[in-house]
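According to the numbering used here, the residues represented by the sequence shown are 4 to 633, in order. For every residue, glycine included, the Cβ atom is placed at its ideal position computed from N, Cα and C. Since this is a predicted model, take the numbers as computed values, not measurements. As structure tokens, the structure follows; a few thoughts come after it.
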Amino acid sequence: MTELDTRDPNAAVETPPTSIRGILSKLGPGLIIAGSIVGSGELIATTTTGAKGGFSLLWLIVIGCLIKVFVQIELGRYTITTGVTSIKGLSKLPGPRLGRGNWFIWYWFVMFIFIMGQLGGIVGGVGQALSISMPITEYGIEHNAYREAETVLEVTRAQHSITTDPVTRKTLQQQIIDTEIASASAFAKLTAVDDEALPNPENARLLLKPLLASDLSLAERCIVEQLLPDPRLRRLTKQLSGIQFGNTISAESPKIVGLRTELSLSTDAYLRANTEDEITQHQATIASFIQYYTDAFTRPAIHASNDHNWYAAGLTIVTMALLVIGRYTFIQTFSTVMVALFTLVTIANVFGLQTMDSAIAWKIQWADIKEGLSFGLGPGEWTESLGFALATFGIIGVGAAELIAYPYWCMEHGYASFTGVRDQSEDWANRARGWIRVMRWDAWCSAAVYTFATVSFFLLGAAILGRIHLIPAGDDMVRSLSVMYRPVFGPTAQFVFLFGAIAVLYSTFFVASAGNARMLSDVLRTLGWIKDTDDSYRRSVKWMCAILPAVCGITYIMGVKPVVAIIMSGVMQSIMLPMLGGAAIYFRYKYCDERLKPTRKSDILLIVSAIGLLIAGVFAAYTKVASFLG
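Here's what the structure looks like:
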């Protein structure tokens with residue numbers, strides 16, 4: 004028995020199962036970890052990575068999911084055989100100390116602050132999903148209608164650009180006109196930030212309605228088929244909005260002049276391809292249309308809806324109550340069901356892209372997969388691409404926080420108590436081998452689940468968001484993510500996605516809050532800030548189950564940006580990963596019972612895993628410093 008072993012020496016032990024069916028019946032901690040992972044890492048960070056980098060980073064996503072499992076198993080082995088929690092074990096690592104805490108514990112505190120921001124972003128994401136599906140206020144309903152029209156426009160224009168079928172293109176062109184009118188009508192009901200006059204929606208109707216007729220002139224056909232579907236037209240109105248409503252950008256700025264020039268060249272090319280006559284008159288008609296269009300769609304800044312904040316506050320209160328009242332079994336069942344439902348929907352969505360005629364434009368080709376597995380870094384500066392990817396690396400698969408939390412769930416599930424306090428008997432060694440085997444099954448089965456889910460989310464982000472350059476961000480993060488489900492699920496896509504987003508994001512918030520309550524309480528008793536007794540620890544867990552969700556909810560309401568908070572947490576966890584890799588090796592060779600030592604192959608894989616985490620952590624730190632230094 005170690006000096007830190009908290010197991011009751013008189014507690015009943017249990018013989019580990021040996022059959023596959025018996026082992027599967029004892030799985031559980033990994034399912035909780037999966038519930039924590041499939042949310043911020045997969046749904047938000049992974050899809051955003053796909054949206055920014057396209058398919059090129061698929062290789063890093065796969066490695067990020069699998070490489071950490073070897074460290075996870077070693078940390079689990081340490082707790083099962085010693086009865087010592089993660090934090091107490093990590094507090095014994097050699098190195099500098101400050102008070103009763105070593106360097107690792109104090110860095111964990113820094114990382115923990117960023118994780119609170121990450122969870123604030125996640126509960127905000129749930130609030131966004133609920134406010135989209137069930138707006139609370141009248142203003143929320145109107146704001147929701149406007150943002151939905153704008154999102155549909157962005158997607159429709161992108162789909163028009165990659166579709167070659169003439170019938171489909173004509174349908175999309177008519178949809179663009181109808182949605183532009185709907186957007187103008189919805190916007191007119193909102194409130195400008197600086198009491199500016201909102202554009203009259205009747206101007207948009209008078210301008211666009213005639214374009215739905217069947218007998219259009221060449222210039223009108225150019226507008227319908229070439230100009231209106233061009234995303235640069237809306238970018239021009241946004242730039243002009245900045246001029247009219249107080250920004251410092253000039254009407255003659257290179258960006259605005261460039262947009263006008265590009266639009267002019269595009270329409271000229273269309274005209275020349277469709278007539279041999281003089282096109283000056285047609286050019287004048289199109290130029291006049293652009294002027295009227297920008298007048299009708301130049302819009303001041305508007306007040307956002309606060310419905311998502313009300314939902315975030317309500318969810319925070321519900322979570323506090325559930326965590327204080329709940330027990331391990333409830334947490335395990337809740338996270339398993341929530342994640343399973345949406346993972347199945349997402350996998351079905353990926354297969355639908357490959358098989359449905361309505362989604363053929365978004366189909367994932369073998370060339371895309373080949374690109375993703377070619378160890379490329381995508382477009383842009385390599386430091387920026389790699390930095391963002393490595394930030395994602397920190398929270399996909401088993402993140403640093405989940406690696407530390409996993410042994411706590413192993414203890415609460417019973418793996419450590421069933422093994423019993425370590426002694427020199429062969430019975431104990433046999434029980435330990437058996438429960439370590441169960442734990443390995445648990446870790447790898449959960450890895451299979453979240454790796455498959457992660458790859459599915461990444462492919463969706465690259466295939467749809469990446470192709471239309473739609474980056475999830477801000478108050479529209481959830482709405483942007485829902486775009487991934489539109490090609491397959493059509494009009495029901497938003498309902499399907501919102502149900503799933505609420506499920507997995509809330510599951511992540513719920514499970515991560517439960518794990519953080521346990522880790523923080525263990526840190527407090529390790530540092531001597533609370534009594535080092537089981538009763539004191541359990542009381543602290545109860546308090547933290549109430550306090551930590553409240554901190555997260557307040558963080559979001561005060562203005563944390565979900566994607567930024569999640570990526571910054573990923574950076575801190577990426578830097579933590581090599582520390583955990585080193586700790587796993589230290590535990591293996593310092594504390595592992597000789598009767599239970601892993602095979603040579605397992606030792607090599609653990610070392611390779613730790614080296615991989617070290618490389619990722621160093622590059623994550625380097626790219627972040629490089630970005631700050633310009």
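Open item on the list: Here's the rule: buried if 16 or more other CB atoms are within 10 angstroms of the residue's CB, otherwise exposed. What is ALA568?
Closed with: The residue in question, ALA568, is buried, as its Cβ has 16 or more Cβ neighbours within 10 Å.
- [ ] Measure the C-alpha to C-alpha separation of GLY417 and TRP438 and round it to an integer number of angstroms.
- [x] Taking the straight line from one Cα to the other gives about 9 Å.
Open item on the list: On a Cα-Cα basis, can you pick out the residue from ILE179, LEU230 and LEU236 that is closest to ILE208?
Closed with: Strictly speaking, residue 208 in this sequence is Arg, with Ile absent from that position. Of the residues ILE179, LEU230 and LEU236, the one whose Cα lies closest to the Cα of ARG208 is ILE179.
TODO: Kindly list the residues whose CB is nearer than 7 Å to the CB of GLY98, restricted to its own chain and excluding five residues on each side of it in sequence; keep chain order.
DONE: Excluding positions up to five away in sequence, the list reads ASN105 and TRP106.
TODO: Inspect the CB distances between the segment 156-165 and the segment 505-521 and report whether three or more fall short of 8 Å.
DONE: Taking 8 Å as the limit for Cβ pairs, the verdict is that the segment 505-521 does not touch the segment 156-165.
Open item on the list: Is the separation between the beta-carbon of GLY123 and that of GLY556 shorter than 8 Å?
Closed with: In contact: GLY123 and GLY556 (Cβ atoms closer than 8 Å).
Task: Alpha-carbon to alpha-carbon, LEU266 and LEU215 - done: Rounded to whole angstroms, LEU215 to LEU266 spans 21 Å at the Cα level.
Open item on the list: Quick test of your reading: SER134 and GLY143, contact by CB under 8 Å. State the CB separation rounded to the nearest angstrom.
Closed with: So it is a contact: roughly 6 Å between Cβ atoms.
TODO: Count the other CB atoms, across all protein chains shown, that sit within 10 Å of the CB of GLU597; report buried if there are 16 or more and exposed otherwise.
DONE: GLU597 counts as exposed, since fewer than 16 other C-beta atoms from the protein chains shown sit within 10 angstroms of its C-beta.
TODO: Return the CA-CA distance between ALA364 and ALA408, expressed in angstroms with no decimal places.
DONE: C-alpha separation (whole angstroms): 42 Å.
Task: Reference HIS472; option with closest CA among THR50, THR18 and LEU61 - done: Of the candidates THR50, THR18 and LEU61, THR50 places its Cα closest to the Cα of HIS472.
TODO: Quick one: residues in its chain with C-beta nearer than 6 Å to the C-beta of VAL544, no 5 flanking neighbours on either side, listed in chain order?
DONE: Answer for VAL544: ALA520, ARG521 and SER524, listed in chain order.
Task: C-alpha distance - LEU73 paired with SER612, whole-angstrom precision - done: Reading off the sequence shown, one finds Phe at residue 73, where the question assumed Leu. Cα-Cα distance, rounded: 7 Å.
- [ ] Taking the CB atoms as reference points, tell me whether VAL113 and MET575 lie closer together than 8 Å.
- [x] Yes, they are a contact pair.
Open item on the list: I need the DSSP call for ALA104, collapsed to helix, strand or coil.
Closed with: For the record, residue 104 in the displayed sequence is Gly; it is not Ala. Three-state result, GLY104: strand.
Task: Backbone secondary structure at ILE180 - three-state DSSP - done: ILE180: helix per DSSP, three-state reduction.
Task: Straight-line Cα distance separating VAL260 from THR251 - done: In this prediction, THR251 has a pLDDT of 48, which is less than 50 and means its spatial position is unreliable; nothing more can be read from the coordinates.
Task: For ALA200, three-class secondary structure by DSSP - done: In the structure shown, ALA200 adopts coil according to DSSP, grouped into three states.
TODO: For PHE378, count neighbouring C-beta atoms within 10 Å of its own C-beta (all shown protein chains included) and say buried if the count is 16 or more, exposed if not.
DONE: PHE378 should be labelled exposed.
Open item on the list: Helix, strand or coil, according to DSSP, for ALA14 in the structure here?
Closed with: Annotated three-state conformation of ALA14 is coil, per DSSP.
Open item on the list: Counting beta carbon pairs with one atom in the segment 138-154 and one in the segment 187-197, are three or more of them shorter than 8 Å?
Closed with: Contact holds: three or more Cβ-Cβ distances are below 8 Å.
Open item on the list: Using a 10 Å radius around the Cβ and a threshold of 16 neighbouring Cβ atoms, would you call HIS306 buried or exposed?
Closed with: When all chains shown are included, HIS306 counts as exposed.
TODO: Tell me, please, whether the segment 456-467 touches the segment 340-357 by the rule of three or more beta-carbon pairs shorter than 8 Å.
DONE: Judged by pairs of C-beta atoms under 8 Å, the segment 456-467 touches the segment 340-357, as three or more such pairs exist.
Open item on the list: To the nearest angstrom, how far is the alpha carbon of LEU530 from that of THR301?
Closed with: Their Cα atoms are separated by approximately 58 Å.
Task: Separation of ARG489 from ILE350, as counted between CA atoms - done: Taken atom to atom, the span from the alpha-carbon of ILE350 to that of ARG489 is near 14 Å.
Task: Nearest-angstrom Cβ-Cβ length linking GLN75 and ALA446, presumed shorter than 8 Å - done: Yes, they are in contact, since the Cβ atoms of GLN75 and ALA446 sit about 5 Å apart, within 8 Å.
Task: GLY102 versus VAL566: straight-line alpha-carbon distance, rounded - done: Computed Cα separation, rounded: 35 Å.
Open item on the list: Can you give me the C-alpha to C-alpha distance between HIS536 and MET487, rounded to a whole angstrom?
Closed with: The sequence shown places Thr at residue 536, not His. In a straight line, the C-alpha of THR536 is about 49 Å away from that of MET487.
- [ ] Tell me, please, which residues DSSP counts as bridged to ALA307.
- [x] Looking at the DSSP output, ALA307 bridges to nothing.
Task: Inter-residue Cα distance where the pair is PHE117 and GLU405 - done: Taking the straight line from one Cα to the other gives about 14 Å.
TODO: For the alpha helix (DSSP H) holding TYR273, just list the boundary residues, first then last.
DONE: From DSSP, the alpha helix (DSSP H) with TYR273 extends over 257-277.
Task: TYR540 versus VAL621, LYS55, TYR411 and GLY31, residue with shortest Cα-Cα distance - done: The shortest Cα separation from TYR540 among VAL621, LYS55, TYR411 and GLY31 belongs to TYR411.
Task: C-beta contact flag for PRO232 and GLN176 at 8 Å - done: In this structure, GLN176 lies closer than 8 Å to PRO232 by Cβ.
Open item on the list: Applying the 10 Å Cβ sphere with the 16-neighbour rule, what's the burial state of GLY562?
Closed with: GLY562 counts as exposed, since fewer than 16 other beta carbons sit within 10 angstroms of its beta carbon.
TODO: Apply the 10 Å Cβ neighbour rule to MET4 and answer buried if 16 or more other Cβ atoms are within range, or exposed otherwise.
DONE: Legend: pLDDT at MET4 = 48, less than 50; position of this residue unreliable, value from coordinates given subsequently. Within 10 angstroms of the beta-carbon of MET4 lie fewer than 16 other beta-carbons, which makes it exposed.
TODO: Using alpha carbons as the reference points, say which of PRO475, LYS55, SER39 and ILE35 lies closest to GLY469.
DONE: For the set PRO475, LYS55, SER39 and ILE35, the Cα lying nearest the Cα of GLY469 is the one of LYS55.
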